[in-house]
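Trainee: Position 36 of the sequence shown, counting from 1, maps to 36 under my numbering, and the rest follow consecutively. C-beta atoms are modelled at their ideal positions from N, C-alpha and C, and glycine is treated no differently. As the structure is a computational prediction, the values presented were derived from the model and not from experiment.
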Amino acid sequence: MAPPEDDKNPLWGYSTAPQTEVSPPSVKMKLVILSGDCVGQSISLALQSYRIGTDPSCDIVLKDRTVSRQHLALEVRENGVRARDLGSRNGSFYEGMRFVELEVGLGALMRVGSTEMKILPEEPATHVVPLSERTQFGELVGNSRKMRQAFTLMERLAAGDADVLIQGETGTGKELVAEAIHAASRRSAGPFVIVDLAGVAPSLIESELFGHLKGAFTGAHSDRAGAFELANGGTVMLDEVGELPLEIQPRLLRALERRHVKRVGANSYRTVDVRVLAATHVDLEAAVKAGKFREDLFHRLAVLCVMLPPLRERLEDVPLLVDTMLERMGRPLGALSEQTRALLAQYPWPGNVRELRNVIERVVSLGEQTLPKLPLPRDKTRYAFTEEELERPFKQAKERLIEGFEHDYLKSLLERCEGNISRAAREAGIARLHLRTLLKKYKLHGDEAPE
């Protein structure tokens with residue numbers, strides 16, 4: 001059977017391909033299915049041989065019409081995996097190149113038929129991420145347990161070249177994570193390109209990502225390279241990837257799987273060498289269940305993840321953050337009084353580090369008398385729970401507490417901003433669209449009138 005159009009390669013049918021670095025001894029591995037009908041399936045790899053195909057007798061059975069009954073064999077050894085094609089019709093591929101037999105290791109991305117799979121380290125469920133010795137990674141700072149665990153993950157991810165999903169609430173510093181990983185990676189000398197998918201009109205997202213040819217649509221007055229081409233040899237960050245329209249998601253999936261992109265209006269694909277760091281504040285698993293995000297794209301993005309904790313879960317970091325922000329502003333540490341510092345350290349910061357920075361910049365520039373009223377839960381009965389509510393599951397009880405705080409905070413915010421949503425969003429350090437969503441949730445109303 002002839003190869004698909006996108007797989008044309010001068011090495012077609014030859015038993016040669018680059019070899020990946022083999023795994024160190026004693027590292028347990030797993031095979032994760034990233035696309036196809038079995039997407040999301042994870043198979044622990046013991047020290048034995050596995051046959052992959054559609055035949056029920058195979059050790060790993062795939063539901064893929066383009067996969068042969070006996071397609072690929074994996075021989076798992078202590079120092080790596082030997083992959084061998086079993087004379088399949090459509091071939092086995094490693095990073096776009098067809099192979100007959102080769103040695104692979106951790107991070108190896110292979111494709112059989114239309115099913116993509118990756119070899120990853122398997123960590124026990126009880127695995128605890130060790131604490132990094134550092135209290136800063138790039139522009140991020142923190143000495144809390146959660147941040148030092150996050151720094152450990154970032155250090156490990158920066159040393160590799162795999163795509164990463166960065167998750168966290170608005171204002172937690174997801175862009176700083178991407179910048180730090182890029183700066184500490186082997187691609188640091190290459191370009192770092194950011195695409196804010198939430199800030200691009202849906203009709204222009206495909207052009208923003210992949211480029212366009214002159215005349216491809218109204219306003220396309222000249223050829224233009226997209227973010228993937230501009231980031232060639234470096235890293236592209238897809239900010240707020242959860243906002244990507246469904247109709248564009250298959251094109252992004254193809255770019256992730258093949259590193260092939262096609263400009264709008266073009267007939268041919270271009271090959272790019274990029275690392276993709278995607279970020280979102282959206283719960284992608286919930287979006288998949290709601291039909292707003294493709295399952296195969298989610299599993300392709302979520303193989304390696306970094307979760308940034310909200311500031312309210314690491315308030316012990318506030319003093320260090322305050323000192324760091326003052327130093328970066330060129331201001332002395334004594335620019336804020338102890339009373340102000342104590343107030344900042346108690347507030348739960350719904351806008352996270354971004355809101356904290358905005359407040360500090362305002363107070364340092366205009367004086368402590370301009371410090372906004374930060375509603376603190378001084379009254380311990382304010383969010384009191386009944387005995388019945390205390391018997392609820394922890395997650396439900398926690399959500400009720402957070403909702404009570406959010407309602408009171410937003411109400412106070414609107415009052416001091418005289419109902420002006422734009423001003424309120426800036427003062428809170430959150431996106432205006434996100435603020436409008438919260439106001440609608442709690443049936444609070446503001447206006448969009450200019451200040």
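Does the distance from the CB of Leu140 to the CB of Leu176 come in under 8 angstroms?
Mentor: In this structure, the beta-carbon distance from Leu140 to Leu176 falls below 8 angstroms.
Trainee: In whole angstroms, give me the CA-to-CA distance for Lys28 and Ala227.
Mentor: 36 angstroms
Trainee: Compare the C-alpha of Ile181 against each of Ile166, Val195 and Ala225 and name the closest.
Mentor: Ile166
Trainee: Excluding sequence positions up to five away, which residues of its chain have a Cβ less than 8 angstroms from the Cβ of Cys305?
Mentor: Val164, Leu165, Ile166 and Gln167
Trainee: Taking Lys118 as part of the beta strand (DSSP E), name the residues at either end of that continuous run.
Mentor: Thr115 to Pro121
Trainee: Buried or exposed for Thr437, going by 16 or more other Cβ atoms inside 10 Å?
Mentor: exposed
Trainee: Within 10 Å of its beta-carbon, does Gly80 have 16 or more other beta-carbons around it, so buried, or fewer, so exposed?
Mentor: buried
Trainee: Could you have a look at Ile181 and say whether DSSP puts it in helix, strand or coil?
Mentor: Per DSSP, reduced to three states, the secondary structure at Ile181 is helical.
Trainee: Among Arg65, Gly40 and Ser49, which has the Cα closest to the Cα of Cys58?
Mentor: Ser49
Trainee: What do you reckon, are the CB atoms on Glu313 and Val261 nearer than 8 angstroms?
Mentor: no
Trainee: Could you check whether Ala231 and Val193 sit closer than 8 angstroms to each other, using their CB atoms as the reference points?
Mentor: yes
Trainee: Using 8 angstroms as the threshold, is the C-beta distance between His212 and Val274 below it?
Mentor: no
Trainee: At the level of alpha carbons, what is the spacing between Tyr409 and Val364?
Mentor: 23 angstroms
Trainee: Excluding five sequence neighbours on each side, which residues of the same chain lie with their C-beta closer than 6 angstroms to the C-beta of Ile248?
Mentor: Ile205 and Glu206
Trainee: Please classify Pro121: is it buried, with 16 or more other beta-carbons within 10 angstroms of its beta-carbon, or exposed?
Mentor: exposed
Trainee: Alpha carbon to alpha carbon, how far is Glu101 from Gly199? Give it in angstroms, no decimals.
Mentor: Straight-line Cα distance between these residues: approximately 46 angstroms.
Trainee: What did DSSP end up calling Val455 once you bin it into helix, strand or coil?
Mentor: The structure shown does not extend to residue 455, since the chain spans only 1 to 451, so no value can be given for it.
Trainee: Is it buried or exposed, Ala286, if we count other Cβ atoms within 10 angstroms and call 16 or more buried?
Mentor: exposed
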